[in-house]
Amino acid sequence: MKKQTAKTTRKTAGTKTKRTELNCTLYLQYQDREYSMPELKELILEKCEAEEMDPKDLRIYVKPEENKAYYTCAGGSNSIAL
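Per numbering that gives the first Met the number 0, residue 0 is the first one in the sequence shown, and the count goes up by one each step.
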């Protein structure tokens, strides 16, 4: 009976190249409307501040068919009209 030996493969660590920061602006177009995500984010952050909500872990959900943007954060949740 032949004895089987386990093959071991060694992966060499590749050198990582540093990716340059890319400036990108996201827009949402729906029917005849256009929404700028950076502007929407600023509006929501201002509303969070006015309502004394903690904007930590901010998540934004845009529902253009309802003409609203919903958001959740560590301080709660709410929505704004688009």
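Yeah, the Cβ is synthetic: ideal placement off N, Cα and C, and Gly gets one too.
Only a predicted model underlies this, so the values are computations on that prediction, with no experimental measurement involved.
DSSP places residue 38 in the helix class (H, G or I) of the three-state scheme.
Bounds of any beta strand (DSSP E) do not take in residue 18, whose DSSP letter is neither H nor E. Each residue's CA atom was taken as its position, placing residue 30 and residue 51 some 34 Å apart.
Between the C-alpha atoms of residue 17 and residue 61 there is a straight-line separation of about 33 Å. For residue 77, the enclosing beta strand (DSSP E) begins and ends at 75-80.
Out of 23, 25 and 76, the CA that lies nearest to the CA of residue 55 is found in 76.
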